[in-house]
Structures are given as structure tokens and as C-alpha cells.
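All remarks here apply to the structure that follows.
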Amino acid sequence: MKFRKTLCAVTAAVLALASCDRELPSYDHIHGKPDKEEQEEEKPKDEETPVTPTLGYEVAPTGTGAFIDGELTLEFKSAPALGTEGKIQIFKEDGTLADMIDLADVAAPAVKLMDDTPYNTTHDLLGPASLKRWRVVNYKPVTVDGNKVIIRPHSNKLDYSSAYYVTIDATAITAEGFKGIGEKEWNFKTKAEPTSKETVTVAKTGEADFHTIQGAIDWSYKCGPNSPMTVNIKNGTYEEQLFARQNNKITFKGESRDGVVLQYANAEEFANGVGGSTAKAAVIGEGVGKSGGRAVILFENCDDIRFENMTMKNTYGKPGQAEVIYNNDNNGQYNLTFVNCALISLQDTFNTKGHCWMYKCLVEGDCDFIWGSAKVCLFEECEIRAAGDGYIVQARCPSAEDKGFVFLNCNITKAAGVADGTMTLARSGGSESYFDNVAYINCKMSSVIPAKGWHGDPAPNPAKATAVSGWKEYGSTDAAGSPLSVTGRLAASYQLTAEEYEAEYKDRTAIFKGASVGTDWLK
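Just so we're aligned: the sequence shown equals residues 22 to 544 in my numbering.
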């Protein structure tokens, strides 16, 4: 006799699901016995009504209202362990397989993601099917946290307003009372799609449209790639990677800078290069087509994107290239804004092309932690914090006339334990094919900056800066605001005159003067 397991005591949700025209798990032990007619309907033929067993664990979600981008959880009385074989599968109500995770993949040693790496169930494809481009990333589909097993289905596998059931092989999890979950023993139904195409909410707990920030990005494609959208993000830690391509006019607005934390541990150790998207829809066992790269966030040719009031971290935490964001604006015609945000990593924290404005933000790292092929990237009233010894900027500007990376009224600081004189303002990549265009304007510089200011080996391009191109500085002070002696600065650098400052660098409007993106977005 087969028992139906009641796996989660969420009475209201189960009752709501009872209106659906499908088979449901018993809820006798949660809400008392059903009425006689219903009890007789559920009674197996020629058998007594089974007694629901005591399971010793609960699952979620059940009933209605599940997120299409949410997690599945099993909570036990003691710490469980993951098996080295067995499958976790999600089926549509009609028995069609929606998603599958193979514990053999989860248990296998991690392999660095290359363009030809065989795709398996520890990889995810970020991006909606309608885009026909995907970012392939490593991810952790199943983890253990205390007494809880957390299952993260692959992206875009669940539909709105749809019923599903979950099966788990007995070998997939070792835990007290766990003997596997069979067909239609764990059921849930996803919530309806959002009613708004202008504003959506993301939250880890409570009422929201989405459980993940990527879920909101995917929804925005349905609303039109040029339709303005605000994504309100409630306080919480969002352990995920992001991807958008040719998607415009999105504002990501956090509830608070310290309260909203988007983070993930990604690095060159795990994924090759800065990466990119691929038109190949990955198939199990075949090469992925393109590494999705080592950044937490990958944006490709997106315009008018804005982040407010949030922290973004790459939690890799070891030496090695590990971007928080790679803004790949191949055309150099788009804009990206950060207001009251924090970007935290070690090497290569922020990698950008095109046009960018950061206002009242924190950027932290140790080696080339601001870099890329920017046309104009302005850091205004920001804290630039050295997390160790190294170099702040490595510029690779495509044109000698590009202003490149400009720091206006910023504060250059150091983390606890960082020695004096160990962080230079910039170093060159050593190529004549791009330009080392960097300017520090009216910045406070702590003792972490040495007297020479700039790192001269290899030599920058141009070898001697001018008011137009190269390494420039104006009005630098010490941490207390007193004028800083610049007599010991590297000979390759240039001190702007008052006239040059007034004409080109005195404020954000002057800095972006002549830029193809204009200045209307700088607010």
C-alpha cells in the first residue's frame, strides 16, 4: 500500500491548492479529518484509509504561490548529507520533465568552465529563451545549510500559474527518516505573472514578484527591452550571478545599501576570462560554447542601467581575477549608473567599457580593481578603498581623446592593516594599442598612496601625459584636506592647470561634455 506523504505543514497553502483539478497529498494530520464524502473519495479501493506516517522532515514550497525562480527546501531534525548519486527531478502536472539535477554531477570535482567544457547539471543558463543568447555559469544546485537541504532549480524551467511535483531518489540525500520522495508526493503551484510591467519587487522572504534579481531581469524582456522598469529589491542576501544583454532602462533600487547584498564567489579559477554569452543552447554532455566569465554580473550592450542603494560583492576572497561586474559595451555608446552603492572584491573589482557614472559609492579592491576600456567613467564623491597593496586603475581607453577614468572629489582610503605607500594610482597594461587615460581631481589621498603616485613599469601610453591624454592630477590633498606635495610624482604624469581644470574637469557636465551619451542621465 502506497502512502502519500504530507511534507510541509502549510495549511492555508494546501487548502488553496485543493481547488485545483489534480491529485493532492493528504493533509489530515494538519487540519483534522476531511468530511465523510471526501474521506471516502480518497480511500483506496478494498483497503483501509492509510495512516499518514511521521516523516521527521518538512518541505517547501507546497500549495500555491511558489516563485518560478525560488528555492526548494527540505528541513530535517538533524544535519543531512548529500549523496553521490541519484536525481532530483521536477515534473509538470502531466508528467513532463521540467528540470533535473544529478547528484553525481554535484559530487564530482569542480572543473574550470571553458568554451568546450561539457555541460552538466551544475551549470546554469542565464537569460530567457526569447533572447536566444545565454550566459553559461557554474552554480551550486544543491547545498546543505544546517539541518536544511536547499535545491536551486535551473533558471527559466518553471512557468507561471503552473502545477509541479518533485521526486527525489533515496540515494540523493542521507538523513533521518528520508527514504526518497515519489511521484506526486510533493506538489506545488507557481504564482501568476506580475501584474505590472513598470515596477516589480524582489525579496528573499515575504510578498514579492520574484525571489531572485535575475528573475526580474528575465521578466523585463517580456515587457519590452526599451520599456522603463524599476526593480525594487528588499533587504536580504542574494547569492546569485546576473546576466543581461541588449536590455535597457532598468533601475535596480535596493531598500538600503548595507541591507541589500548581491554576492557570489566567482573567479578565473572557476571560469575562463571575462566571458560572454553564447547563441548555443547547451545540451548535457556537449561543449557549452562560451564561458560565461568570472564576474558576478555580466551586462552586454545594455543602455541606461542604474543601480541604487545596494552592495555587490565577489566573495572569492583570494588572489586572482574576480570581477564584481563586467560591463561589456562593445559600441561604447551606452551608459551605466551607480548611486550609493558598494562594489567589493580584490583583483579587477570593476571592469567597464563605454560610459559610467558612480556617485557616492564605495569601490574596494587591491590589484587593478578599476579597469577596462572606458570612454568616460566618472567616480564622483566616492570612496576608493585599498584592500591590500597594488594598483587602483588599469585603463585601456580606445582613443587618446577619451577622458577615461576620472575621480572627482573622491577619498582614497585603505582597509585596516594595509601598509602605507603600497597602493599606486594606476599602472599601465604596457600596450601601444590603447591609452592610459586617468585623472584624479580634488581628491583626498591617504598615506596608502606613495610619493611617486603612479606605477611606472611598464611605461604608460602616452609616455608623457598631457592635458588631453595620459595620467593627470589636480588639487590633490592629504587625508585631512591639506594640499599634497606632488613634487615627487612620476615624471610621466601631468598636473593640470587651473584653466584646464575649469574647462574640462570642474564638474560632471564638463567631464561628459561632448560624450555621445549626453548629460541628461547624470542625475
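A virtual CB, placed ideally from N, CA and C, is assigned to each residue, including glycine.
Proximity winner among the options, relative to residue i (alpha-carbon distances)
i    : options                   : result
E276 : F328, A131, V295 and L263 : F328
D123 : K113, L134, T143 and V132 : T143
K374 : C388, C398, T192 and G386 : C398
R156 : S454, Q354, E261 and V439 : E261
H546 : E228, I111 and A129       : Since the first residue shown for the chain is 22 and the last is 544, residue 546 is missing from the structure and cannot be characterised.
S545 : N482, G451, C431 and D389 : Outside the displayed range of the chain (22 to 544) lies residue 545, so it cannot be described from this structure.
L283 : G306, N256 and P471       : N256
K205 : T233, G116 and G438       : G116
T518 : K381, I109 and Y495       : Y495
D369 : T358, V317, Y355 and N351 : V317
E340 : N287, Y140, R529 and K225 : Note that residue 340 corresponds to Pro in the displayed sequence, not to Glu. Residue N287 is the option with its Cα nearest to P340.
P139 : G310, I202 and K527       : G310
L429 : I391, F371, R529 and M333 : R529
G353 : S420, H376, I470 and G91  : H376
S248 : E521, A531, I326 and G167 : I326
T164 : D137, V127, S151 and V187 : V127
G502 : G535, K485, S468 and Y522 : S468
T487 : Y455, V304, A437 and E422 : E422
V132 : S537, E289 and P419       : E289
Simplified DSSP assignment, three categories, for residue i
i    : result
W240 : helix
E385 : strand
Q267 : coil
Q262 : coil
I318 : strand
E106 : coil
T195 : strand
I89  : coil
A524 : helix
A300 : coil
I532 : helix
A519 : helix
I326 : strand
I234 : helix
L511 : coil
D499 : strand
V282 : strand
I202 : strand
K113 : strand
N287 : coil
G257 : strand
P483 : coil
Close Cβ partners of residue i (< 7 Å) along its chain, the five nearest in sequence each way excluded
i    : result
M135 : N293 and S312
T195 : P101, A102 and G104
G77  : F97, K98, E197 and G198
G509 : A472 and K473
A119 : I111, F112, K113, K178, L179 and Y185
D457 : A416, A447, S449, P481, N482, G491 and W492
D324 : N269, Y355 and N356
K544 : none
Sequence-distant residues of the same chain with beta carbon closer than 6 Å to residue i, five excluded per side
i    : result
T94  : A81, K169 and I171
S366 : N335, A343, V345 and G386
G107 : L124, D190, T192 and A193
P479 : S449 and G451
K218 : C244
V258 : Position check: residue 258 holds Thr in this sequence, whereas Val was assumed. Result list for T258: V282, in chain order.
P55  : Unreliable positioning characterises P55 in this predicted model, as indicated by a pLDDT of 38, which lies under 50. The coordinate reading is nonetheless provided below. No residues qualify anywhere along the chain.
E92  : I171 and R173
K301 : G310
D499 : L505
Beta-carbon separation (whole angstroms), residue i vs residue j, contact threshold 8 Å
i    : j    : result
V507 : I462 : So it is not a contact: roughly 13 Å between Cβ atoms.
G477 : L511 : 5 Å
L319 : Y347 : 5 Å
M250 : I234 : Not a contact, Cβ separation roughly 12 Å.
F231 : F88  : 6 Å
G425 : V459 : 6 Å
R406 : R266 : About 31 Å separates the two Cβ atoms, so there is no contact after all.
N322 : D350 : 6 Å
D145 : G308 : Between G308 and D145 the Cβ distance is about 16 Å, and since that is not below 8 Å, they are no contact.
Contacts around residue i, its chain only, beta-carbon distance under 8 Å, and the 5 residues preceding and following it disregarded
i    : result
P149 : N177, D239, Y242 and K243
E453 : N482
Y380 : T358, F359, V360, N361, E401, E402 and C403
D410 : D387, V439, A440, T443 and M444
S182 : K210, T211, K212, A213 and E214
Neighbour flag for residue i against chain C, beta carbons, 8 Å
i    : result
Q368 : Among the chains of the structure shown, chain C does not appear; only one protein chain is present.
Note to self: Restricting to runs no shorter than 4 residues, where is the alpha helix (DSSP H) found entirely within the segment 118 to 193?
What the structure shows: 124 to 128
Checklist line | Ordered list of alpha helix (DSSP H) runs contained in the segment 410 to 467, each at least 4 residues | finding: none
Item checked: Segments of 3+ residues assigned as beta strand (DSSP E) that fall wholly inside the segment 329 to 406 -> 346 to 349, 356 to 365, 371 to 380 and 383 to 401
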